[in-house]
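To start, the structure under review is shown below, and the notes come after it.
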C-alpha cells in the first residue's frame, strides 16, 4: 500500500528540500525535492534489465547488495540466460571468460613484481610512509632499466654491430666539411704500456683512461651511419631522438603516477571521517590466509590509525594555541629560516670557489704529484658531495624545532634540500660551460669552443656526471657502514648517558628520497653525454635498496611520529618532476646552443646537435617538407593553441559539473541515512 502523503512529508529529506527550495526560490529547489530519497528508492527498485545491457552483464558480486539479494540476482541471471539467443549467450560467456583470464594474468603478474614481499614486510613493520620510499626506489629502478634498454637498442647496439661488422653490417664516416683541421684533433688518454693497479682504480672512479675510449661515453660514437645490407641507419638522428624519447617517457610516466597519487591524496583530504570508516569497516582483506601476511596487514592498519590520530592531535594542538604561543612559534620559524638561508649561501659559495680553484689550477699540473692532481681535478665533486651530506643533516635537525606536522616536515625539508642539490649541479655545469665556451684566440673561435682543453667536451661533461654518481653511491655506502652500524653497536653495548641520549636513529625519509632524486637528475642529464649511465644507475639503485633495507631493519627504530603514504607518494613524484624539468635546461643548452665537438661524437659534422633535424628534413620529399614547415609555422601554431585552450576550458567546466553532481549525490546519501533513522524511530514508537 502506498504511504500517506503527510507521512512522507515528515521525512528529513523532504523537509531539507523544502528549506533549500525556499532559499533558492524556485525551480532548483523543486527539482531537488522531486529527486530526493524517493528518487534513490526508484533507482534501487529498477531491475538490472532497465539499466542497459552493460549493467545487466555485471557480476552479482560487484553490486552493492546483501548476500541474499546477490543470490536471488544470480539465479535470475542464470534463468534469463536460457532464453537468450545463441549469439548473446556466446557473447556473455566470452566476456566472462576474458575477464576471468585477465584477472588471473593480473594476479599472476603481481607475484612477479620486483621486491613484492620485501616491501610488504617493510609496510607491516614500519608503516606506509617508509614503504612509500621503497616503492619509489623500485619505480626508479624500472625507469632507469627501460631508459638503458632504449639507449642501448637505438644507439649502443647499432654502433658496436657496425664497428665489428656483425650481421653483414658496415659503418660510414663522413669527414667534417669547412672545419679547420686543428679542431678535429682528439687523442683520448688511454693507458699504454705497463699500468699499475691504482691507475685502473683511479680510472674506474673518474671515468678516464681505459673507460674514456669505451661505449660508456659520447666520444665512442664517432660514426655517421650504419649499413645493414640495404638499410641505412642514421646514428646522429637516432642518438637525438633516443634522448628525446627517454625524456618524454620519464615525463609521461611521472605525470601518470603523480595523477594517481593526487587522486588518493584528494580523496583522503576530502573527508577524514570516511577514511576512518574505510579502515575500521572495510580495511581488512578476508582473502588473507597466511598468518605472517595477516600479522603484517594488522600492523599496517594499526599504523594507519596511529597516523590519523597523530594528525588529529596536531590539528587540535594548533587550534588550541594562544596568541603568545603563536608569536613564539612564528618568531622561531623566522629565525630558523634565516639560518637555512645562511647555510644555502655557504654551500653555493663553497662550490663556486672550489670549481673556480679547480679550473684555474688544473691547467698546469706538471709540478703536482698524482694524489694532488686527483684532488684538484675532483675537488668540485668532493665539495658537492660534502654539501649534499652536511646540509640535509642541518635541515633535519632544525625542522624539529618548527613544530610542523610529519608530512609537512618532509615536504619542507625536501624543498630546502632540493635547492642545495640541484643548484649544486647547476653551479658545476655553469662553471664547465663557461670554461668550454671561453675562447681567447682566433683558432679557438673558429671551432666555437675551447678545443685545446676540451677537444671532446661532451665526454668531459659525461665524466663529471659519472663521477658525481659514483661519489654519491660511495657516500651512501660509507655512511651506512661507518656511521649507522657503529652507532647501533654503541647504543646496544654502551650504557653511557651521551650515547643513550643519542639513541638509535630514525629512518629520515626526506634525506633518503632526496638522495635518489639527486642521483636520478644526474642520470637524466648525463645520459646524453654517457649513454650507458642508466645501466649504472639501475645497478646503483638495486644495491641501494638492499643497503637501505638492511640499515632500516638492523639500525633504525620506528618513527616516533607516524607519516602517511598517500601524501608522501605524491610529493616524492612532484620533487622528482622538478628534477626532470631542471634537467631539461642543461640538456637544451647543450643540444641547441653550445657548438658540438668537431673531433668526436655523431654530431661532429654539424654546428650543433639540433642541426641534424633540419638536415634530415631536407632529405624528405618536397611535399612532406612543405607539410612539416606548415606545422612549424605561426599560421598553424596560433589556431592549434586556441583549440587546445578551448578543450582545456571544456574539461575544466566538465570537472566542475562532475564535482557539483558528486556533492548532490553525497547530500542525497546523507538524507537517505537520516530518513532511515527517522523511519526506525517511527517504527519503534508504533510498536510501543
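In the UniProt record's numbering, the protein residues as written are 1 to 688. Ideal Cβ placement from N, Cα and C applies to all residues, glycine included.
Closest to residue 504 by C-alpha separation, out of 487, 519 and 259, would be which residue? By 1-based counting over the chain shown, the position of residue 504 is 504. Comparing Cα positions, the closest option is 487.
Could you tell me whether the Cβ atoms of residue 405 and residue 314 are closer together than 8 angstroms? As a working note, residue 405 is residue 405 in the chain shown. As a working note, residue 314 is residue 314 in the chain shown. Remark: C-beta atoms of residue 405 and residue 314 approach each other more closely than 8 angstroms.
Closest to residue 161 by C-alpha separation, out of 341, 233 and 497, would be which residue? If you number the chain shown from 1, residue 161 lands on position 161. Residue 233 is the option with its Cα nearest to residue 161.
Closest to residue 598 by CA distance: which of 206, 221, 207 and 87 is it? As a first step, residue 598 must be located in the chain shown, where it is residue number 598. If we check each option's Cα against that of residue 598, 221 comes out closest.
Quick check on this structure: which residue in 659, 656 and 549 has the alpha carbon closest to the alpha carbon of residue 117? Residue numbering aside, residue 117 sits at position 117 when the chain shown is read from its first letter. Comparing Cα positions, the closest option is 549.
Taking the continuous alpha helix (DSSP H) assigned at residue 654, which residues delimit it? Residue numbering aside, residue 654 sits at position 654 when the chain shown is read from its first letter. Bounds of the alpha helix (DSSP H) holding residue 654 are 634 to 687.
Alpha-carbon spacing of residue 524 relative to residue 623, whole angstroms: To locate residue 524, count along the chain shown from 1; it is residue 524. To locate residue 623, count along the chain shown from 1; it is residue 623. Going by the C-alpha atoms only, they are around 36 angstroms apart.
Tell me whether the beta-carbon of residue 124 lies closer than 8 angstroms to the beta-carbon of residue 297. Stepping through the chain shown from its first residue, residue 124 is reached at position 124. Stepping through the chain shown from its first residue, residue 297 is reached at position 297. Contact annotation: residue 124 and residue 297 have beta-carbon atoms nearer than 8 angstroms.
With distances taken from CA atoms, which of 350, 603 and 306 is nearest residue 235? Looking up residue 235 in the chain shown gives position 235. The shortest C-alpha separation from residue 235 is found at 603.
Thinking just about the alpha-carbon of each residue, which of 180, 210 and 157 is nearest to the one in residue 223? Here residue 223 refers to the residue found at position 223 of the chain shown. Distance from the Cα of residue 223 is smallest, within the candidate group 180, 210 and 157, for 157.
So, residue 575 versus residue 414, is the Cβ gap smaller than 8 angstroms? Here the question's residue 575 lines up with position 575 in the chain shown. Here the question's residue 414 lines up with position 414 in the chain shown. Cβ atoms of residue 575 and residue 414: closer than 8 angstroms.
DSSP on residue 443, reduced to helix/strand/coil? Here the question's residue 443 lines up with position 443 in the chain shown. DSSP places residue 443 in the helix class (H, G or I) of the three-state scheme.
Using a threshold of 8 angstroms, state whether the C-beta atoms of residue 476 and residue 536 are closer than that. Looking up residue 476 in the chain shown gives position 476. Looking up residue 536 in the chain shown gives position 536. No, these two residues do not count as a Cβ contact at 8 angstroms.
Residue 749 bridges to which residues according to DSSP? This structure cannot settle anything about residue 749, because the visible part of the chain is limited to 1 through 688.
If you follow the beta strand (DSSP E) that residue 226 is in, where does it begin and where does it stop? On the chain shown, residue 226 is found 226 positions in, with the first residue counted as 1. 225 to 228 is the span of the beta strand (DSSP E), which, as asked, contains residue 226.
At least 3 beta-carbon pairs within less than 8 angstroms: the segment 429 to 437 vs the segment 449 to 457: Verdict: yes, contact present.
Take the Cβ of residue 254 as the centre, count every other Cβ of all protein chains shown within 10 Å, and call the residue buried at 16 or more, exposed below. Translated into positions along the chain shown, residue 254 becomes position 254. Here residue 254 is buried. Its C-beta has 16 or more other C-beta atoms within 10 Å.
May I ask you to report which of helix, strand or coil DSSP gives residue 232? In the chain shown, counting from the first residue as 1, residue 232 sits at position 232. Strand, per DSSP.
Starting from residue 133, trace the alpha helix (DSSP H) in both directions and tell me its first and last residue. Start at 1 with the first residue of the chain shown, and residue 133 comes out as number 133. Bounds of the alpha helix (DSSP H) holding residue 133 are 128 to 151.
Give me the Cβ distance between residue 466 and residue 533, rounded to the nearest whole Å; I'm assuming they're in contact under 8 angstroms. Residue mapping note: residue 466 aligns to position 466 of the chain shown, counting from 1. Residue mapping note: residue 533 aligns to position 533 of the chain shown, counting from 1. The C-beta separation of residue 466 from residue 533 comes to about 7 angstroms, placing the pair in contact by the 8 angstroms criterion.
May I have the straight-line CA-CA distance separating residue 229 from residue 164, to the nearest angstrom? Sequence index remark: in the chain shown, residue 229 carries index 229 (1-based). Sequence index remark: in the chain shown, residue 164 carries index 164 (1-based). Between residue 229 and residue 164, the C-alpha separation is close to 15 angstroms.
Which stretch, first to last residue, makes up the alpha helix (DSSP H) that contains residue 475? Locating residue 475 in the chain shown gives position 475, counting from the first residue. Element bounds for residue 475: 457 to 479.
Specify, as a first and last residue, the run of the alpha helix (DSSP H) that residue 390 falls within. Counting from one through the chain shown, the residue named residue 390 turns up at place 390. Per DSSP, residue 390 belongs to the alpha helix (DSSP H) from 379 to 398.
Start and end residues, alpha helix (DSSP H) containing residue 111: As a working mapping, residue 111 is identified with position 111 in the chain shown. Start and end: 86 to 111.
Expected contact under 8 angstroms - CB spacing of residue 73 and residue 65 to nearest Å: On the chain shown, residue 73 is found 73 positions in, with the first residue counted as 1. On the chain shown, residue 65 is found 65 positions in, with the first residue counted as 1. Confirmed, Cβ separation roughly 7 angstroms.
Ordered along the chain, which non-local residues of its own chain (more than five positions away) have a Cβ less than 8 angstroms from that of residue 396? Locating residue 396 in the chain shown gives position 396, where the first residue counts as 1. The residues are 413, 508, 510 and 511.
Are the segment 206 to 218 and the segment 481 to 498 touching by the rule of at least three beta carbon pairs closer than 8 angstroms? Contact between the segment 206 to 218 and the segment 481 to 498 is absent, because fewer than three Cβ pairs lie under 8 angstroms.
Coarse secondary structure for residue 249, derived from DSSP in three states: Against the chain shown, residue 249 aligns to sequence position 249. In the structure shown, residue 249 sits in a helix (DSSP, three-state: H, G or I).
Which value, in whole angstroms, describes the spacing of the CA atoms of residue 354 and residue 442? Reading the chain shown from its first residue, position 354 is the one you call residue 354. Reading the chain shown from its first residue, position 442 is the one you call residue 442. In a straight line, the C-alpha of residue 354 is about 30 angstroms away from that of residue 442.
Can you tell me the Cα-Cα spacing of residue 448 and residue 606, whole angstroms? If you number the chain shown from 1, residue 448 lands on position 448. If you number the chain shown from 1, residue 606 lands on position 606. Whole-angstrom Cα-Cα distance: 12 angstroms.
Burial state of residue 78, where buried means 16 or more other Cβ atoms lie within 10 Å: One-based indexing of the chain shown puts residue 78 at position 78. Exposed, because fewer than 16 other Cβ atoms sit within 10 Å of the Cβ of residue 78.
Which term fits residue 514, buried or exposed, when burial requires 16 or more other beta carbons within 10 angstroms of its beta carbon? In the chain shown, counting from the first residue as 1, residue 514 sits at position 514. In summary, residue 514 is buried, with 16 or more beta-carbon neighbours lying within 10 Å of its beta-carbon over all protein chains present.
Only counting the same chain, and skipping five residues up and downstream in sequence, which positions put a Cβ closer than 7 angstroms to that of residue 385? Against the chain shown, residue 385 aligns to sequence position 385. Exclusion of the five residues before and after residue 385 leaves 471, 472 and 475 as the residues of its chain whose Cβ lies within less than 7 angstroms of its Cβ.
Excluding five sequence neighbours on each side, which residues of the same chain lie with their C-beta closer than 7 angstroms to the C-beta of residue 185? Reading the chain shown from its first residue, position 185 is the one you call residue 185. Setting aside the 5 residues that flank it on each side, residue 185 is surrounded in the same chain by 455 and 599, each with a C-beta closer than 7 angstroms to its C-beta; the list follows chain order.
Sort 129, 69 and 111 by Cα distance to residue 411 and report the nearest one. On the chain shown, residue 411 is found 411 positions in, with the first residue counted as 1. The shortest C-alpha separation from residue 411 is found at 129.
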